[in-house]
Amino acid sequence: MKTQFTVLLLLISFSIQSQNYKFGKVSEEELAQTFDSNDSTIGAIMLYRKHRVDFEYRENNGGFMQKVEVHQRIKILNKEGLKWATNKVRLYNRSNASSERFQSLKGYTFNLVDGDVTKDKLKNDGVFDEEANKYWRYKSFTMPNVKVGSIVEFTYEILSPFIQIDEIDIQTSIPTKVFELKVSTPEYFVYNKLLNPRASYIPKLDVSSSNVTIPFSYSLDVISADLKDVPALKDEPFVNNIDNYKSKLIMELSMTRMPRSNLEYYSTSWDKVTERIYQNPDFGDQLDKSSYYKDDVDAILAGVTDPIEKSFLIFNYVKSKINWNDFYGYTSENGARKAYKDGVGNVADINLMLISMLRYAGLRANPVLVSTKNNGIPLFPTRQGFDYVICMIENEGFNVLLDATEDYSTYNVLPTRVLNWQGRVIRENGSSAWINLSPSSLSTDVTSLNVKINPDLTIEGKVRQQKTDYVAMNYRNRYANLSTDEHIKSIERNNGELEIMDIEIENNKDYTKPLKLTYDYNLADGIEEIGENLYFSPMLFFASEENPFKQETRNFPIDLTYPFSDKYMINIMIPEGYAIESLPQSEKIQFNDAGDFTYLAKQNGSFLQLTVSLNMKTSIILAQDYETFKGFYSKVIEKQSEKIVLKKI
Amino acid sequence: MPLRLLLTLVLMSFSTIAIAQDDALLDASTIPLDLKIKANAVIRYDQVTIEVKSYDKFIYKQTQIVTVLNAQGDSKPGTYVHYNKNIDVNSLEARVYDSRGEEIKKIRKNDFLDVSAVSGGTLYSDSRVKYLDYTPINYPYTIRFETEVVYHSTAFLPSWMPIDGFYCSTEFSEYKIINESDVAIKVKSSNVDNFDIEQHSDYHFSAKNLKSLKPEAYSPSFQTFAPKVKVALTKFRMEGVDGANNTWEDFGKWVHDELLAKTEVLPIEVITEVKELTKDATTDYDKAKLVYEYMQNKTRYISVQVGIGGWKPMLAGEVDRLGYADCKGLSNYTKALLKEIGVESNYAIIYGDRGIRNIDKEFSSVEGNHAVLCIPNDEKDIWLECTSQTNPFGFTAGFTDDRDALLITPEGGKIVHTTVYPTETNLQDTKATINLTNDGSISADVVIKTYGYQYALHEGVQNKPLRDQKLNLKEYWDYINGLSVDAIVYDNDKDNVVFTETAKVTSSSYATKSGKRFLVQPNAFNRVTGIPTRYKNRTLDFEIDRGFTDTDEFIIKIDPTLKIEAMPDDVSISNAYGSYQFSLEKISENELLYKRKYVLNKGYYPKEDYKAFRAFISQIVKHDKTKIVLISKT
């Protein structure tokens, strides 16, 4: 009895739903409905969304065509939401045989005017076709007569000759009330299915199967979900890539098993994926060829026996010889040989050539496949999961990662785009393994600051800085190409009445050594005289005044990119005629086990000595630790702004 | 016969000289030393010839050699051509040379990338671009670029700008128009006297050894001091429509008759609707306001630029049906609505930008990037920004204020100046009551009211999500550590154009601790923190393009366990750039009143005055940090 009742209810709710969301039928109630939202982020709300993927057999097209059917009904809540009335769909358009077709576009805008529902049809004058370049085409459409309170509704189909299925976003930047998802694939194509495990919203999917009899008989694998109230995905500052946290369904083609043909495997495990990549002539073959550079490399390495020195010479040679054309990829674009000749290449051209040369010189160098930050974290054994390749040397006692695309990157100091969790090293015998890409050692920034207070209350002195690893790389990236004048200006900027003189940089070009920077300064507004007393912050223009972590709560981790240690050693000469009235208290502040801040101040005759240091041993701050971290950082800022008080004697 | 032979010989020897020069220019080491200073790229040679065949056809020929010195100069070789169905690219070729002038790459027409040229904010446009995507191998390198383009749309004749932006010097540049048609060509040169530029004839200019310019803070916009030659055909064809352009008057007449006429027809229901809507309004002002707000609620901005539609507004009836259009369509639609209720208005062409740029009143040509509407009014014209769904009626500060615009009237074009927002009305008034406790924390109620141009800077925040609204205040007061925003209320009084932000905030560590003392900055909520960049030798004049006034009044209530040990003296500064004063008054034992007024005048000043201006701002920064010393009574 009870079960029957449930079934009945289900049927009822189903019929209501299908009635509700029939295309072109929007009720007065829906238009009149208001949404209670305490967060005005939401410019619009997706009342209903349908996303269907089917495969249709087309005799004259030589097989299965993929059909993606989209249906959306969106209510515009405020003026910010008007942009949801415009859509742009990207279509692949290489040649007739391999182009995607956009079809069956229909759309209406519904408004409530004096209690009546009005309906405006999307016509051809609102639809635009743009040939973006030789690969891509855009279909854009914008709905007519849309205002705040309107409901827009549209459907269209994309017909594609490809059997690879695009990732299906379950979340968008607005909330979705009802989402019906259905993906039906013929038994001949086998896909790995995965929902992004990092998402905070992970829906439950139903998996079933059904049968098709026309034009011939085969079975279908069906994934479906009827979802209610899918939350919006909102971006936050300091997130490495918000897509990593988006709820989405990934369907990776792993195998085809066509009748009367052999099974064809696409991917099954990371081992298989790497194996297939290795077999790709634009990857593996690039590692083996050496004839084109042999003579040049022989000349460079003449008389050198130490493997570390060899690697150093080769690394610098590749960096100076080939420029990166800003294209990613783990496969060679035009071949390493051509890149060598032209002096230009993509990531794979450059780094596979580097590996090849290192191997030629007798080092154990191997490629490491990487998914860059923009590409997200690979969830799945898939070749698309990688988009980059770097080099790893695994010699006895000499284990380093290298990337020769950037001038300033060096041993174990990689461009930050690469620092995404882990990479997959492929060894010469074809075996592969995960290696950690996140930097483990602290990048240090040590500043020594001498402070002399003049009778006119200006301050002068000398600054010496020493920067290593990532701190050095970032500094070189920013300043190496600037003239001395511009370099000075950029230090002076936003630092009040500061004047910098006699700036000198050591090891600007020798990237293996720490970057050393020295200069003299004059600071006219560092001291405040109030009454009889002098007040100043001992860190002068190095004190940070602003806490970058301003949000109250967070949903996603903060990515600080690399662990670091920031240290200041300050030496202040107490001016004649003054004595110390008060000094900031020495203090140590802790952030869990991951970070600490120390502030030590002591008087030594007529000198004041301070040591201030901030160490962060981790580069990722989890969302649940955010409040603690924000509090920690706030105390750091507060401490840095504390003043020394001198009194006249 | 001998004369002719001689002429040929002379011509031949000329051309050999030119080629020989060419080769030397491909070698980066031949760049004169003073052209390398502060330059990312050097235009070695640039020759533009425009052959005007008739009023509806001209051929543009360019040969350009650019040496790029570093990565910042990569964009300087202008190796791209825009085209559409009225512009044909006849030839296009680029060659790349290494630092010694050895050719390393040749790029033919078909190897240029061909993409649609849809700019951000535009949904669709039919213009396309062919461009060279080159990855440099080494610096310096040199690109020689040669192109020939045939234009069948002649509304724009490319002008000559021998200095191609900042950080780029020019060794040689030549510009020549050969007029083979019977149409007169107008020409206007500006700023050419200040540079080494020679005028050979009416339509022939050349420049040599123009040193690179570098940008400086507060400098006026580049085009106001860089050399430029503008040209225009007095009779032209634009996307199939013929036009005349002797003066702004006849050009405006053309716009009116050819682009605007017969576009204003509206469906009868809408006419009835707006008449009904405005039937009780008594003045034209009130009627126009109702219609403007009606339009704002009914439409949205969508930009589609196809053919003459790039210049001609969409029909008013279409705008009404679709509920969207670009600036032209929305302005024209509003004009049509106003006409139906008996309010006359004029379409106007203008430069819409935060920076102020005028339509050149001395030289008529196709100019501007935006369209607005102007309702003539005896005291003060009313200007309407029809692409905004939120602007108050008649409010244009920050985008189209204080500049010359081209007004299109049935009688012809007319240059008029848009609304100026004076210094005293660009007001921000901040009032706060601050409670300071004995641990250095504060809680405060703050009310910020903004008017005029400052209204435009502030009101946008109301449409943002709450999270961003809070962040906005935290950024605004980024010098307050541990600031927490507990509540924000906005009030947007569009009738009087006043935006009010009321906030409750706290900071756990506002006062700086020094032993048993606290340092408290009485100016908690409106500090100037940035000092303009210092220049040893300022090379450009400077400009404040909009003046403003800030007034502040903060009451500071101090915890009774603390007492005031020291207090700063009042300050008052006044000079050509503006004025600044603050005062601090003890209104009771534990209550202080801080008052501040800061006025920055609009003005254009010679470069020699920059030091004094910087000193003025620097004084303000210093005084805004002024501190009170409190000491614990216990």
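Each protein sequence line maps, in turn, to chains A and B. With the first letter of the first sequence counted as 1, position 251 gets the number 315 in our numbering; the numbers rise by one all the way through. With the first letter of the second sequence counted as 1, position 146 gets the number 279 in our numbering; the numbers rise by one all the way through. Where is the CB? At the ideal position from N, CA and C, for every residue including glycine. Computed from a predicted structure; not experimentally measured.
No Cβ of chain B is located within less than 8 Å of the beta carbon of Asn-572/A. Going by DSSP, Leu-423/B is part of the alpha helix (DSSP H) stretching over 417-431. The continuous alpha helix (DSSP H) containing Met-421/A extends over residues 411-424. Under a criterion of Cβ atoms nearer than 8 Å, no residue of chain B is adjacent to Arg-401/A; the nearest Cβ is some 16 Å distant.
Cβ neighbours of Pro-519/A within its own chain (closer than 8 Å, five residues either side excluded): Pro-639.
Taking 8 Å as the cut-off, the Cβ atoms of Thr-255/B and Ser-464/B do not count as close. Within the region 201-276 of chain B, the runs of beta strand (DSSP E) that reach at least 3 residues and sit entirely inside it are, in chain order, 213-216, 220-230, 236-241, 246-249 and 261-264. Taken atom to atom, the span from the alpha-carbon of Val-286/A to that of Val-271/A is near 6 Å. Around the beta carbon of Ala-204/B, a 10 Å sphere encloses fewer than 16 other beta carbons of the protein chains shown; the residue is thus reported as exposed. An exposed status is given to Trp-498/A, since fewer than 16 other beta-carbon atoms sit within 10 Å of its beta-carbon. With a threshold of 16 other beta carbon atoms within 10 Å, Pro-301/A falls short and is exposed. Taking one beta carbon from each stretch, the region 586-600 of chain A and the region 467-483 of chain A have fewer than 3 pairs nearer than 8 Å; the two do not touch.
At a cut-off of 8 Å between beta carbons, Ser-311/A makes no contact with chain B.
With at least 16 other beta carbons inside 10 angstroms of its own, Asp-231/B counts as buried. Looking only at Ala-340/B, Asp-266/B, Leu-290/B and Asp-329/B, the smallest Cα-Cα distance to Val-320/B is reached by Leu-290/B.
The region 323-341 of chain A and the region 378-385 of chain A do not touch, with fewer than 3 CB-CB distances between them shorter than 8 Å.
Think of a sphere of 9 Å around the beta carbon of Ala-699/B: the chain A residues whose beta carbon falls inside it are Ile-594, Gly-595, Glu-596 and Asn-597, in chain order. Taking 9 Å as the cut-off between beta carbons, the residues of the region 504-527 of chain B near chain A are Gln-522 and Thr-523, in sequence order. In terms of Cβ geometry, Val-254/A and Met-315/A do not form a close pair [threshold 8 Å]. In the structure shown, Ala-289/A falls within a strand segment according to DSSP collapsed to helix, strand and coil. Proximity of the region 340-354 of chain B to the region 301-314 of chain B meets the contact definition, three or more beta-carbon pairs being nearer than 8 Å. Val-368/A and Asn-415/A have their C-alpha atoms roughly 22 Å apart.
Of Ser-396/A, Gln-235/A, Ile-713/A and Lys-577/A, the smallest CA-CA separation from Asp-451/A is found for Ser-396/A. In this chain, Pro-345/A is not harboured by any alpha helix (DSSP H), its DSSP state being neither H nor E. In the DSSP assignment, Ala-748/B falls within the unbroken alpha helix (DSSP H) covering 743-757. Along the region 256-272 of chain B, the positions whose C-beta sits under 8 Å from a C-beta of chain A are Leu-256, Tyr-257, Thr-268, Pro-269, Ile-270 and Asn-271, read in chain order. At least one CB atom of chain B sits nearer than 8 Å to the CB of Gln-615/A. With fewer than 16 other beta carbons inside 10 angstroms of its own, Lys-358/A counts as exposed. Taking a cut-off of 8 Å on C-beta distances, the region 483-499 of chain B touches the region 361-375 of chain B, as three or more cross pairs fall below it.
Of the candidates Asp-417/B, Val-424/B, Tyr-418/B and Thr-416/B, the residue whose Cα lies closest to the Cα of Leu-410/B is Val-424/B. Rounded to whole angstroms, Phe-358/B and Phe-675/B show a C-alpha spacing of 11 Å. If you look at Ile-552/A, you'll find it isn't in any beta strand (DSSP E); it sits in the alpha helix (DSSP H) that goes 548-556. The alpha carbon of Thr-582/A has as its nearest neighbour, out of Asp-566/A, Tyr-575/A and Ile-591/A, the alpha carbon of Asp-566/A. Excluding residues up to 5 positions away in sequence, Ser-237, Ile-238 and Pro-239 lie with their Cβ nearer than 6 Å to the Cβ of Ala-296/A in the same chain.
For Asn-597/A, the enclosing beta strand (DSSP E) starts and ends at 597-600. Rounded to whole angstroms, the Cβ separation of Glu-702/A and Ser-642/B is 5 Å, and the two are in contact under 8 Å.
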